[in-house]
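There are 2 protein chains.
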Amino acid sequence: MGHSHYEKITIIGAGLIGSSLSLAIKAAALESFVTLSDSSKETLEQAEKLALADTYIADVTMAVADADLVILCVPVGAMSAVASEISACLKIGATISDVGSVKEVVLTGVGEKLPDTVHFIPGHPVAGTEKSGPEAGFATLFKDRWCILTPDEGCDQGALDKLVGFWQSLGSKTEVMDARHHDMVLAITSHVPHLIAYNIVGTASDLERVTRSEVIKYSAGGFRDFTRIAASDPTMWRDVFLSNKGAVLEMLSRFSEDLTALQRAIRWGDGDALYDLFSRTRDIRRSIIDAGQDDDIADFGRPHDGGDA
Amino acid sequence: MGHSHYEKITIIGAGLIGSSLSLAIKAAALESFVTLSDSSKETLEQAEKLALADTYIADVTMAVADADLVILCVPVGAMSAVASEISACLKIGATISDVGSVKEVVLTGVGEKLPDTVHFIPGHPVAGTEKSGPEAGFATLFKDRWCILTPDEGCDQGALDKLVGFWQSLGSKTEVMDARHHDMVLAITSHVPHLIAYNIVGTASDLERVTRSEVIKYSAGGFRDFTRIAASDPTMWRDVFLSNKGAVLEMLSRFSEDLTALQRAIRWGDGDALYDLFSRTRDIRRSIIDAGQDDDIADFGRPHDGGDA
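Chains as they are written, first to last, in my numbering: chain A, 351 to 659; chain B, 351 to 659.
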């Protein structure tokens with residue numbers, strides 16, 4: 351533990367990820383003193399009521415003053431402004447990281463605001479739920495999930511190793527990757543899936559010949575799965591799409607191209623093309639389960655009154 | 351119970367729905383004698399090993415001979431052929447129904463094969479999981495889910511009431527609807543969601559710059575939710591798209607139109623448009639939970655080592 355020990359850790363932003371991080375640090379018994387800060391007075395009070403951290407400091411410059419590790423857990427669009435605010439108050443030799451879902455814009459936008467006297471290592475734990483706010487946090491959110499770190503080329507190896515060790519002590523698997531490549535990978539595994547989930551829910555709620563109450567009643571046919579993702583935090587996701595424009599638009603155009611081909615197969619009654627795709631996609635599901643990234647329980651293990659097979 | 355009691359029930363097709371139906375009838379203690387039939391010898395043997403029904407008859411004409419209620423639980427594309435086979439062997443006054451996800455093609459395609467001496471009432475329980483086969487069945491699959499019946503105008507009211515009572519005794523809520531309208535409603539709540547899930551999984555597996563192993567590793571960012579739906583039975587879903595072409599193509603073109611607008615908002619950095627949609631979609635999720643069509647548990651209640659909030 352010594353190697354990955356930060357004596358004082360400051361988490362900025364007490365949302366789902368920030369509060370889970372604080373709880374995870376406590377659960378891992380890292381013996382770090384955890385400070386939580388949040389720009390919303392109400393959120394910070396809620397966090398204190400939930401006893402998420404060791405101390406709660408609204409003033410972000412005071413919150414970071416002594417910290418050996420500062421983790422920005424705010425929406426991607428707010429990162430750079432927070433970095434400007436804290437920049438002059440950071441301890442020499444401290445490590446600054448974040449949990450944003452887009453990395454190139456953070457690497458440059460936050461990086462340019464920070465002094466050379468700190469180690470800046472962007473990060474992204476690929477974990478979450480559709481819930482938001484401090485009461486949504488839980489200690490095991492990062493367990494068995496991947497945390498991707500995207501350091502600059504000039505990054506200090508010791509500082510990087512220490513941050514890797516920190517995430518591993520929370521139960522995460524870690525990977526170091528180029529920020530640009532991260533943004534491409536996440537565009538297809540996270541950003542575009544969210545976009546099409548938001549989109550189908552929007553389309554369904556705008557119909558004239560099918561009422562909204564019918565959409566809701568019969569949502570168990572598949573639609574309800576999409577509504578879970580489409581219930582994710584609007585601010586966070588707006589920022590993701592604005593910050594990862596290039597990769598999202600590229601993946602989206604591939605998606606649309608493939609969808610047009612499927613549409614054509616339906617129109618012309620090409621059952622073989624449909625069957626081929628529908629068989630191929632089963633293998634991917636199997637691989638995800640084998641990799642421990644989802645559970646092989648029917649219907650996500652939704653409760654069926656205990657009668658599930 | 352008397353009103354909704356069928357003495358002998360024959361279920362044709364021992365897949366997820368057929369086997370769940372048999373188990374549900376037993377669990378509801380309807381005192382009906384249940385016969386299971388399946389064109390696959392192996393599947394029928396499996397069903398027998400699992401003790402799903404009272405008897406197992408491979409020959410479908412013999413299986414239906416005495417039945418008061420026959421329910422076709424085969425893929426939509428196979429319904430009409432099965433109807434032809436059993437047509438001459440049906441008991442006078444029997445009710446024939448089905449569980450297909452598309453109803454207009456069944457109403458006409460199966461209806462024209464059946465004699466006037468039986469009551470034909472197409473049905474669709476809006477329930478299921480991504481699993482297939484007799485071992486995937488469970489007794490509570492239909493509980494609190496909607497079963498939609500789409501009878502012809504000339505349908506006998508007594509026969510309809512009896513079938514409604516039957517589904518209600520299995521725990522389902524029931525609705526009677528025009529077949530054409532059913533197909534429109536299900537196109538948006540089930541068929542198009544499945545299509546885009548299949549499509550995104552296909553797109554993700556065809557990339558060059560992102561490897562398949564990366565797609566799998568980082569799937570917890572949202573992608574894995576889609577792989578569950580995209581693991582559904584390929585034959586069933588091929589038939590659904592080929593049989594509900596008109597409604598699927600209409601809903602799909604609305605989806606694509608909306609997606610193009612979102613794409614444009616991303617390209618031009620219109621954060622307000624994104625935020626508006628992302629906020630609106632949360633309400634739909636809330637309504638689905640309030641209607642009892644999904645549970646308000648974070649991340650579908652996926653196990654997070656018991657630490658879930």
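Yeah, the Cβ is synthetic: ideal placement off N, Cα and C, and Gly gets one too.
Give the DSSP-derived three-state secondary structure of residue i in the structure shown.
i: K463 (chain A); result: helix
i: I566 (chain B); result: helix
i: H653 (chain B); result: Per the sequence shown, residue 653 (chain B) should be read as Pro rather than His. Three-state result, P653 (chain B): coil.
i: M351 (chain A); result: Below a pLDDT of 50, predicted positions are generally treated as unreliable, and M351 (chain A), at 40, falls in that range; no measurement from the model is reported.
i: C497 (chain A); result: strand
i: G515 (chain A); result: helix
i: K441 (chain B); result: coil
i: A659 (chain A); result: Its pLDDT being 32, under 50, A659 (chain A) is placed unreliably in this model, and the value from its coordinates should be taken loosely. The answer is coil: DSSP assigns A659 (chain A) none of H, G, I, E or B.
i: E503 (chain B); result: coil
i: F667 (chain B); result: Absent from the structure is residue 667 (chain B), since the part of chain B shown begins at 351 and ends at 659.
i: I375 (chain A); result: helix
i: T385 (chain B); result: strand
i: V420 (chain A); result: strand
i: P543 (chain A); result: helix
i: E741 (chain B); result: Outside the displayed span of chain B (351 to 659) sits residue 741 (chain B), for which this structure offers no information.
i: E454 (chain B); result: helix
i: E607 (chain A); result: helix
i: I361 (chain A); result: strand
i: I407 (chain B); result: coil
i: V414 (chain A); result: helix
For residue i, which of the options has the nearest alpha-carbon?
i: A401 (chain A); options: A:K391, A:Y356, A:L386; result: A:L386
i: L592 (chain B); options: A:A611, A:T561, A:L624, A:P584; result: A:L624
i: H541 (chain B); options: B:C505, B:R652, B:M412, B:S451; result: B:S451
i: D388 (chain A); options: A:S369, A:Q507, A:E381; result: A:S369
i: T585 (chain B); options: B:I442, B:V426, B:I361; result: B:V426
i: L447 (chain A); options: A:A438, A:S434, A:K441, A:H474; result: First, the amino acid is wrong: residue 447 (chain A) is Ser here, not Leu. Per the Cα distances, A:H474.
i: F605 (chain A); options: B:I442, B:L557, B:I436, B:S522; result: B:L557
i: G461 (chain A); options: A:A529, A:S390, A:Q518, A:I546; result: A:A529
i: R495 (chain A); options: A:C505, A:M412, A:S519; result: A:S519
i: K523 (chain A); options: A:G365, A:P653, A:A641; result: A:A641
i: H532 (chain B); options: A:R559, A:G619, A:G521; result: A:R559
i: T445 (chain B); options: B:L366, B:G487, B:K358; result: B:K358
i: G443 (chain A); options: A:G619, A:E485, A:L491, A:C505; result: A:C505
i: K399 (chain A); options: A:A377, A:T553, A:E485, A:D622; result: A:E485
i: T500 (chain A); options: A:K512, A:G521, A:P472; result: A:P472
i: I638 (chain A); options: B:D622, B:E503, B:R562, B:V590; result: B:R562
Would you check if the distance between the CB atom of residue i and the CB atom of residue j is smaller than 8 Å?
i: V410 (chain A); j: V432 (chain A); result: yes
i: I498 (chain B); j: M534 (chain B); result: no
i: L549 (chain A); j: L612 (chain B); result: A small correction: the amino acid at residue 549 (chain A) is Asn; Leu does not occupy that position in the sequence shown. Their beta carbons are under 8 Å apart, which means N549 (chain A) touches L612 (chain B) by this criterion.
i: F573 (chain A); j: P543 (chain B); result: yes
i: I362 (chain A); j: L371 (chain A); result: no
i: V551 (chain B); j: F516 (chain B); result: no
i: A374 (chain B); j: A489 (chain B); result: yes
i: H382 (chain A); j: Y406 (chain A); result: Residue identity differs from the one stated: residue 382 (chain A) is Ser in this sequence, not His. Not closer than 8 Å, so no.
i: A580 (chain A); j: A537 (chain A); result: no
i: K441 (chain A); j: D404 (chain A); result: no
i: C439 (chain A); j: V414 (chain A); result: yes
i: S430 (chain A); j: R630 (chain B); result: no
i: S434 (chain B); j: K453 (chain B); result: no
i: K391 (chain B); j: H654 (chain A); result: no
i: L609 (chain B); j: L545 (chain B); result: no
i: R588 (chain B); j: F650 (chain A); result: no
i: L366 (chain A); j: G521 (chain A); result: no
i: I616 (chain B); j: L599 (chain A); result: yes
i: T539 (chain B); j: G619 (chain A); result: no
Could you check whether the Cβ of residue i sits closer than 7 Å to any heavy atom belonging to the ligand SAM?
i: K358 (chain A); result: In the structure on display, the ligand SAM does not appear, and there are no ligands present to speak of.
Say whether chain E places a C-beta atom closer than 8 Å to the C-beta of residue i.
i: V598 (chain A); result: The chain labelled as chain E is not found among the protein chains of the depicted structure, namely A and B.
Chain-ordered residues of the region 543 to 568 of chain A with a beta carbon less than 7 Å from chain B: P543, H544, L545, I546, Y548, N549, I550, V551, G552, T553, A554, S555, L557, R559, V560, E564, V565, I566, K567, Y568
The region 480 to 488 of chain A / the region 454 to 471 of chain A touching (three or more Cβ pairs under 8 Å): no
Cβ pair count under 8 Å reaching 3, the region 619 to 636 of chain A against the region 552 to 571 of chain B: yes
Within 9 Å of chain B by C-beta, residues of the region 568 to 585 of chain A in sequence order: Per Cβ criterion, the list reads Y568, S569, A570, G571, G572, F573, R574, D575, F576, T577, R578, I579, A580, A581, S582, D583, P584, T585.
Interface residues of the region 477 to 503 of chain A facing chain B [CB-CB below 8 Å]: Across the region 477 to 503 of chain A, CB contacts with chain B closer than 8 Å involve A477, G478, T479, E480, K481, E485, A486, G487, F488, A489, T490, L491, K493, R495, W496, I498, in sequence order along the chain.
Residues in the region 632 to 650 of chain B having any Cβ partner in chain A nearer than 7 Å: Along the region 632 to 650 of chain B, the positions whose C-beta sits under 7 Å from a C-beta of chain A are R632, I634, R635, S637, I638, A641, Q643, D644, D645, A648, D649, F650, read in chain order.
contact_flag[the region 459 to 474 of chain B, the region 412 to 430 of chain B] where n(CB pairs < 8 Å) is 3 or more: Output reads yes: the region 412 to 430 of chain B touches the region 459 to 474 of chain B.
Segment contact, 8 Å Cβ cut-off, at least three pairs: the region 635 to 649 of chain A with the region 390 to 398 of chain B: no
Residues of the region 618 to 630 of chain A with Cβ closer than 8 Å to any Cβ of chain B, in chain order: G619, G621, L624, Y625, L627, F628, S629, R630
Residues of the region 401 to 419 of chain B with Cβ closer than 7 Å to any Cβ of chain A, in chain order: none
Members of the region 512 to 535 of chain B near chain A, C-beta cut-off 7 Å: M534, V535
Interface residues of the region 451 to 481 of chain A facing chain B [CB-CB below 8 Å]: S451, V476, A477, G478, T479, E480, K481
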